[in-house]
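When you read off a place in the sequence shown, starting at 1, and then add 70, the result is the number in this note's numbering. The beta carbon of each residue, even a glycine, is placed where N, CA and C say it ideally should be. Just below is one structure, and these are the notes that go with it.
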Amino acid sequence: MALKSEHTPQRYFRQMKAVTALAPKYRAMSDDQLKAQTAHFRQQLAAGQSLNTLKIPAFAVAREADRRVLGLFPFDVQVIGALVMQDGNVAEMKTGEGKTLTATLPMYLNGLTGSGNFLVTANEYLAYRDAKKMGKVYRWLGLTAVAGVPPTGGDPHDRDLQRIYKADIVYTTNSTLGFDYLMDNLAGTTQDRFLQGFHFALLDEIDAVLLDSAQMPLIISGAPRVRSNLFGIADQVIRLLKLDVDFERSSDHKKVWFTPAGITHMSEYLGLTGLLTEKHRTLYQHLVLALKAHQTLTRDRDYVVDDDGISLLDLSNGRKLAGMKLEAGLHQALEAKEQVPVSTQTRTMASITFQNLFRMFSHLSGMTGTAMTDAAELQETYRLSVIPVPTNKPSQRIDRPDQLFMTTDTKLEHAVALVKQAHDKGRPVLIETGSVSLSNLFSRILLRDEIPHNLLNARSAAKEALIVKEAGQLGAVTVATSMAGRGTDISLGPGVKELGGLLVVGTERMNSARVDNQLRGRSGRQGAPGETIFLVSIEDSILLEHGPKWLRKYRRQLAKNEAPAHPSWITRHRFKHLITQAQHNAEREDRQSRNQTLQYAEIMRVQRDTIYATRQTIMTQPDLTPLLTSVFKMATNAFLRDHPEPTRNVLADYVLNTIDNQLVIADVIDQQWTPQSQQTAKFLRRLMVDQLQKKFKNINEDQQVYFERMCLLKSLDNAWIDQVDMLQQLRQIATNRSTAQHDPLLEYLKDGRRSFANMKRAFAHQAVQNLLLSEFNFKADGTIDVTYP
Numbered sequence: 071m072a073l074k075s076e077h078t079p080q081r082y083f084r085q086m087k088a089v090t091a092l093a094p095k096y097r098a099m100s101d102d103q104l105k106a107q108t109a110h111f112r113q114q115l116a117a118g119q120s121l122n123t124l125k126i127p128a129f130a131v132a133r134e135a136d137r138r139v140l141g142l143f144p145f146d147v148q149v150i151g152a153l154v155m156q157d158g159n160v161a162e163m164k165t166g167e168g169k170t171l172t173a174t175l176p177m178y179l180n181g182l183t184g185s186g187n188f189l190v191t192a193n194e195y196l197a198y199r200d201a202k203k204m205g206k207v208y209r210w211l212g213l214t215a216v217a218g219v220p221p222t223g224g225d226p227h228d229r230d231l232q233r234i235y236k237a238d239i240v241y242t243t244n245s246t247l248g249f250d251y252l253m254d255n256l257a258g259t260t261q262d263r264f265l266q267g268f269h270f271a272l273l274d275e276i277d278a279v280l281l282d283s284a285q286m287p288l289i290i291s292g293a294p295r296v297r298s299n300l301f302g303i304a305d306q307v308i309r310l311l312k313l314d315v316d317f318e319r320s321s322d323h324k325k326v327w328f329t330p331a332g333i334t335h336m337s338e339y340l341g342l343t344g345l346l347t348e349k350h351r352t353l354y355q356h357l358v359l360a361l362k363a364h365q366t367l368t369r370d371r372d373y374v375v376d377d378d379g380i381s382l383l384d385l386s387n388g389r390k391l392a393g394m395k396l397e398a399g400l401h402q403a404l405e406a407k408e409q410v411p412v413s414t415q416t417r418t419m420a421s422i423t424f425q426n427l428f429r430m431f432s433h434l435s436g437m438t439g440t441a442m443t444d445a446a447e448l449q450e451t452y453r454l455s456v457i458p459v460p461t462n463k464p465s466q467r468i469d470r471p472d473q474l475f476m477t478t479d480t481k482l483e484h485a486v487a488l489v490k491q492a493h494d495k496g497r498p499v500l501i502e503t504g505s506v507s508l509s510n511l512f513s514r515i516l517l518r519d520e521i522p523h524n525l526l527n528a529r530s531a532a533k534e535a536l537i538v539k540e541a542g543q544l545g546a547v548t549v550a551t552s553m554a555g556r557g558t559d560i561s562l563g564p565g566v567k568e569l570g571g572l573l574v575v576g577t578e579r580m581n582s583a584r585v586d587n588q589l590r591g592r593s594g595r596q597g598a599p600g601e602t603i604f605l606v607s608i609e610d611s612i613l614l615e616h617g618p619k620w621l622r623k624y625r626r627q628l629a630k631n632e633a634p635a636h637p638s639w640i641t642r643h644r645f646k647h648l649i650t651q652a653q654h655n656a657e658r659e660d661r662q663s664r665n666q667t668l669q670y671a672e673i674m675r676v677q678r679d680t681i682y683a684t685r686q687t688i689m690t691q692p693d694l695t696p697l698l699t700s701v702f703k704m705a706t707n708a709f710l711r712d713h714p715e716p717t718r719n720v721l722a723d724y725v726l727n728t729i730d731n732q733l734v735i736a737d738v739i740d741q742q743w744t745p746q747s748q749q750t751a752k753f754l755r756r757l758m759v760d761q762l763q764k765k766f767k768n769i770n771e772d773q774q775v776y777f778e779r780m781c782l783l784k785s786l787d788n789a790w791i792d793q794v795d796m797l798q799q800l801r802q803i804a805t806n807r808s809t810a811q812h813d814p815l816l817e818y819l820k821d822g823r824r825s826f827a828n829m830k831r832a833f834a835h836q837a838v839q840n841l842l843l844s845e846f847n848f849k850a851d852g853t854i855d856v857t858y859p
């Protein structure tokens with residue numbers, strides 16, 4: 071057993087020995103005695119004991135329960151991994167070291183506290199599978215444990231959310247939890263809410279969630295927008311523009327912006343002036359979206375065009391993201407680019423990033439096979455330390471040096487030769503590519519050469535897991551996109567060890583060394599033999615997008631036969647340096663992009679937290695009078711802000727359209743109003759209070775509060791939906807302001823604050839209208855019918 075690691079703090083070895091020392095005690099107990107430990111631990115927690123003091127005995131109990139229920143007794147290294155995670159760290163455990171079983175120890179301990187504990191897995195298939203299998207242990211010990219996702223093919227709307235989120239332990243996915251959080255904060259009553267708080271989250275493949283998916287916001291869309299005919303116009307204009315003349319693009323192709331010359335050329339083509347003014351804001355926004363669709367999104371890498379139109383792809387595994395669309399009109403711009411029917415653009419009702427979702431947990435930890443390369447970012451962004459856990463058995467995997475090629479064609483032909491050589495012996499081979507298009511190309515080459523194989527891209531997670539699981543069998547050949555099937559171990563079939571184990575062939579280096587390490591980790595699990603090799607060429611995307619400029623110049627010269635086909639610098643050492651430097655460049659740009667996403671998301675988070683806290687107040691406060699007073703004051707101040715010295719007619723119009731449309735103006739305004747700003751505010755607030763009291767004359771106090779809640783929530787939700795939608799539009803525009811030497815983030819912050827202030831005034835105005843002008847009717851069952859103005 072490889073139980074030594076200079077990188078793993080010694081305290082975890084000492085704690086592991088303490089857990090192991092308790093094994094005989096709990097093994098001697100009967101089933102009933104062992105099960106009774108759960109109630110005993112909960113009594114200790116109720117008496118003031120901390121989870122930390124219960125950690126050692128609770129881990130020992132869970133370990134023994136694993137043995138009795140599953141027939142699996144966690145190894146010492148798995149106990150170390152569990153201890154690392156319980157301390158709020160990321161445990162780096164190599165592929166095949168049993169992370170799923172390891173998680174049962176900290177999940178049991180935290181489950182003792184009640185609801186609010188989540189194990190977040192890579193996809194719904196794994197979440198449901200692990201909840202079903204590992205849930206047996208928790209339930210045997212007396213805890214409630216459920217899957218937060220439906221079974222494969224099930225309808226997520228059929229889930230009993232109240233039952234799910236009351237459970238002690240929930241196995242779910244990051245997107246399911248995020249969408250449920252957003253839906254919970256759109257509930258109309260406290261009875262409709264289901265989340266019980268965020269106590270503990272253990273993220274499986276934590277790097278995939280917090281790093282690879284960090285820039286994909288979760289969005290709940292609502293009512294459709296008025297259909298825009300500007301997407302087609304903007305697309306036509308963008309097709310006329312030239313790179314480095316009308317627009318510029320970052321080296322990683324992720325950012326693009328107009329030049330002053332581009333603004334001039336577009337204005338001339340459209341026959342207008344002042345393209346950057348408020349008058350043409352909507353048109354300019356469509357031009358920005360069209361430019362991004364053409365220059366930052368690549369077909370068959372970021373999306374595919376199929377019978378359903380545009381389907382987005384998960385960059386980490388090539389799988390279609392069913393039902394997912396790009397935000398703020400970018401999806402429609404992409405449809406215009408690909409000349410497919412432009413779908414209806416909807417307004418965003420709620421949005422959150424995974425970064426902000428998981429930072430809400432009071433206790434966050436995770437596990438993955440590869441995290442050390444990004445340890446600094448995890449520490450800086452999430453305050454998570456990465457601690458490597460020793461392997462149970464020493465690795466026998468052989469990692470071959472990269473093989474170098476001048477062209478993609480020669481590289482692929484060599485890859486096929488490697489596959490043939492291994493396949494003729496019956497040795498299983500896993501070939502991984504960086505894109506769906508390349509995996510399809512490789513599959514066609516194998517079909518040409520009559521090599522049977524499985525192609526893994528854009529399949530369901532269940533089929534994916536099954537194919538990956540069989541990838542280690544005798545004679546198996548599997549072509550996969552990036553990390554498709556991640557989370558499922560590849561077990562070697564009979565006779566494969568004698569052939570050298572699984573051969574993994576990477577057809578290109580990825581943007582991150584971490585992803586390369588994930589691929590290597592597919593082979594040689596649990597001390598088994600294995601072999602990995604990367605084939606690289608100067609035409610690979612990592613070098614095209616992130617390599618030095620002189621390399622791109624050399625490729626152009628080579629294409630014109632103006633450069634030697636095998637220059638002196640093509641040596642393994644120098645080429646390896648090129649790859650390493652290109653990866654460093656890509657990783658740096660990705661980190662900067664994630665950090666920028668976090669900064670933009672932070673502006674929305676502050677506003678979202680304010681709105682959700684206000685919703686909570688509206689739904690839970692027994693007396694809403696203080697809030698109503700504040701709303702009335704905000705509404706009158708907003709009116710006087712727009713009309714500092716209102717005339718009689720302006721005031722009368724406001725009163726009739728906002729407070730009381732039955733009011734006899736001559737009897738009220740002419741007799742009670744004094745045309746001074748301070749007196750006008752008091753006059754309007756008095757009218758509002760009087761009108762509300764008249765509405766409530768024939769209903770009881772509970773009915774009054776119920777009606778007030780309905781009106782306030784409807785007004786707040788409508789205002790917030792408009793604000794979320796506005797923030798997304800503002801961000802699209804702000805990121806293109808670098809042409810004017812502005813700081814995009816600062817501009818977004820200023821615009822966002824201004825927009826939020828406008829939103830609060832809009833909320834107050836609509837709330838007053840809903841409260842005072844609505845017609846309502848209470849039914850016998852206690853519900854209410856409201857006709858809003």
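Could you give the C-beta distance for Leu281 and Glu447, rounded to a whole number, given that I count them as a contact under 8 Å? Looking up residue 281 in the sequence shown gives position 211. Looking up residue 447 in the sequence shown gives position 377. Your pair Leu281 and Glu447 checks out as a contact, with CB atoms roughly 7 Å apart and the cut at 8 Å.
Taking the C-alpha atoms as reference points, what is the distance between Gln266 and Val279? By one-based count along the sequence shown, residue 266 stands at place 196. By one-based count along the sequence shown, residue 279 stands at place 209. Going by the C-alpha atoms only, they are around 22 Å apart.
With a Cβ-Cβ cutoff of 8 Å, do Asn581 and Glu502 count as a contact? Position 511 of the sequence shown, counted from the first residue, corresponds to residue 581. Position 432 of the sequence shown, counted from the first residue, corresponds to residue 502. No, the pair does not count as a contact, with Cβ atoms beyond the cut-off.
Assuming contact is defined by CB atoms lying nearer than 8 Å, are Asp372 and Leu383 in contact in what I supplied? Numbered from 1 along the sequence shown, position 302 holds the residue referred to as residue 372. Numbered from 1 along the sequence shown, position 313 holds the residue referred to as residue 383. Cβ distance < 8 Å, so Asp372 and Leu383 count as in contact.
Quick check on DSSP: helix, strand or coil for Asp274? Along the sequence shown, read from residue 1 onward, the residue named residue 274 stands at position 204. If DSSP states are grouped into helix, strand and coil, Asp274 belongs with the strands.
Alpha helix (DSSP H) segments (min. 4 residues) lying fully within the region 178-261: You should have 194-210, 231-236, 244-254.
Within 10 angstroms of its Cβ, does Gln425 collect 16 or more other Cβ (buried), or is it exposed? Here the question's residue 425 lines up with position 355 in the sequence shown. Under this definition Gln425 is a buried residue.
For His364, which three-state DSSP category applies? Residue 364 sits at position 294 when you count from the first residue of the sequence shown. His364: helix per DSSP, three-state reduction.
Would you call His647 buried or exposed, if buried means 16 or more other Cβ atoms sit within 10 Å of its Cβ? Counting from 1 along the sequence shown, the entry for residue 647 is found at position 577. Within 10 angstroms of the beta-carbon of His647 lie fewer than 16 other beta-carbons, which makes it exposed.
Is it buried or exposed, Lys164, if we count other Cβ atoms within 10 angstroms and call 16 or more buried? The count along the sequence shown starts at 1 and reaches residue 164 at position 94. Burial call: buried.
Presumed contact (8 Å Cβ cut-off) between Ala173 and Phe431, rounded CB distance: For the purposes of this step, residue 173 is taken as the residue at position 103 of the sequence shown. For the purposes of this step, residue 431 is taken as the residue at position 361 of the sequence shown. In fact, because the Cβ distance is near 15 Å, the residues do not count as touching under 8 Å.
Got a sec, what are the start and stop residues for the beta strand (DSSP E) Asp855 sits in? By 1-based counting over the sequence shown, the position of residue 855 is 785. Run containing Asp855: 854-857, per the beta strand (DSSP E) assignment.
For Ala420, name the three-state secondary structure that DSSP assigns. What you label residue 420 is simply residue 350 of the sequence shown in a count that begins at 1. Ala420 carries a strand assignment under DSSP once its states are collapsed to helix, strand and coil.
Where the beta strand (DSSP E) containing Met437 begins and where it ends: Residue numbering aside, residue 437 sits at position 367 when the sequence shown is read from its first letter. Counting along the chain, the beta strand (DSSP E) containing Met437 begins and ends at 433-438.
Just verifying my parser: in three-state terms, what is the DSSP assignment at Glu817? To locate residue 817, count along the sequence shown from 1; it is residue 747. Helix at Glu817.
Can you give the Cα-Cα distance for Ala810 and Asp277, rounded to whole angstroms? If you number the sequence shown from 1, residue 810 lands on position 740. If you number the sequence shown from 1, residue 277 lands on position 207. In this prediction, Ala810 scores a pLDDT of 48, lower than 50, which makes its location untrustworthy; no coordinate-derived value is stated.
Does DSSP put Asn631 in a helix, in a strand, or in coil? The sequence position of residue 631 within the sequence shown is 561, counting from 1. Three-state result, Asn631: coil.
Where Thr90 sits in the DSSP three-state scheme: The residue given as residue 90 occupies position 20 in the sequence shown. In this structure, Thr90 counts as helix in the three-state DSSP scheme.
Rounded C-alpha distance that separates Lys767 from Gln839: As a position in the sequence shown, residue 767 is number 697, starting the count at 1. As a position in the sequence shown, residue 839 is number 769, starting the count at 1. Their Cα atoms are separated by approximately 18 Å.
For the 8 Å Cβ check, are there 3 or more pairs between the region 238-250 and the region 197-213? Enough Cβ pairs lie closer than 8 Å, so yes.
C-alpha gap between Leu73 and Val499, whole angstroms: In the sequence shown, counting from the first residue as 1, residue 73 sits at position 3. In the sequence shown, counting from the first residue as 1, residue 499 sits at position 429. Confidence in Leu73 is poor, its pLDDT being 48 and thus under 50, which makes the residue's placement too unreliable to answer from.
Beta-carbon separation of Asp305 and Ala257 under 8 Å? Taking the first residue of the sequence shown as position 1, residue 305 is located at position 235. Taking the first residue of the sequence shown as position 1, residue 257 is located at position 187. Result no, Cβ atoms of Asp305 and Ala257 do not sit closer than 8 Å.
Name the residue from Gln802, Leu841, Phe753, Phe268 whose alpha carbon lies nearest to the alpha carbon of Lys325. Against the sequence shown, residue 325 aligns to sequence position 255. Comparing Cα-Cα distances from Lys325 to each of Gln802, Leu841, Phe753, Phe268, the minimum goes to Gln802.
Mark Glu845 as exposed unless 16 or more other C-beta atoms lie within 10 angstroms of its C-beta, in which case mark it buried. Sequence index remark: in the sequence shown, residue 845 carries index 775 (1-based). Exposed, by the Cβ-count rule.
Does DSSP put Ser320 in a helix, a strand or coil? Start at 1 with the first residue of the sequence shown, and residue 320 comes out as number 250. Reduced to three states, the DSSP call for Ser320 is coil.
Go ahead and label Gln686 buried or exposed: buried means 16 or more other beta carbons lie within 10 angstroms of its beta carbon, across all protein chains shown. Working through the sequence shown from its first residue, we reach residue 686 at position 616. When all chains shown are included, Gln686 counts as exposed.
Residues bridged to Val575 by DSSP? As a position in the sequence shown, residue 575 is number 505, starting the count at 1. Val575 pairs with Ile501, Ile603.
Count the other CB atoms, across all protein chains shown, that sit within 10 Å of the CB of Val219; report buried if there are 16 or more and exposed otherwise. Start at 1 with the first residue of the sequence shown, and residue 219 comes out as number 149. By the neighbour-count rule (16 or more Cβ atoms within 10 Å), Val219 is buried.
Please confirm whether Leu569 and Lys495 have their CB atoms less than 8 Å apart. Reading the sequence shown from its first residue, position 499 is the one you call residue 569. Reading the sequence shown from its first residue, position 425 is the one you call residue 495. Yes. Within cutoff.
I'd like to check one pair, Ser321 with Glu615: are the Cβ atoms closer than 8 Å? Residue 615 sits at position 545 when you count from the first residue of the sequence shown. Residue 321 sits at position 251 when you count from the first residue of the sequence shown. Against a cut-off of 8 Å, the Cβ pair of Ser321 and Glu615 comes out as a contact.
By Cβ distance below 6 Å, which residues in the same chain neighbour Thr478 in space, the five residues on each side in sequence not counted? Working through the sequence shown from its first residue, we reach residue 478 at position 408. Once the five neighbours on either side are set aside, the close Cβ partners of Thr478 are Ser607, Glu609.
So, do the region 746-761 and the region 787-801 have three or more beta carbon pairs nearer to each other than 8 Å? no
Through-space distance from Met704 to Asp723, alpha-carbon basis: Mapped onto the sequence shown, residue 723 falls at position 653. Mapped onto the sequence shown, residue 704 falls at position 634. Asp723 and Met704 have their C-alpha atoms spaced approximately 18 Å apart.
Helix or strand or just coil, what does DSSP make of Ser507? On the sequence shown, residue 507 is found 437 positions in, with the first residue counted as 1. It is helical.
With distances taken Cα to Cα, identify the nearest neighbour of Leu357 among Leu310, Asp262, Gly597, Leu536. Locating residue 357 in the sequence shown gives position 287, counting from the first residue. The option with the nearest alpha carbon to Leu357 is Leu310.
Answer with buried or exposed for Thr480, where buried requires no fewer than 16 other C-beta atoms within 10 angstroms of its C-beta. Taking the first residue of the sequence shown as position 1, residue 480 is located at position 410. By the neighbour-count rule (16 or more Cβ atoms within 10 Å), Thr480 is not buried but exposed.
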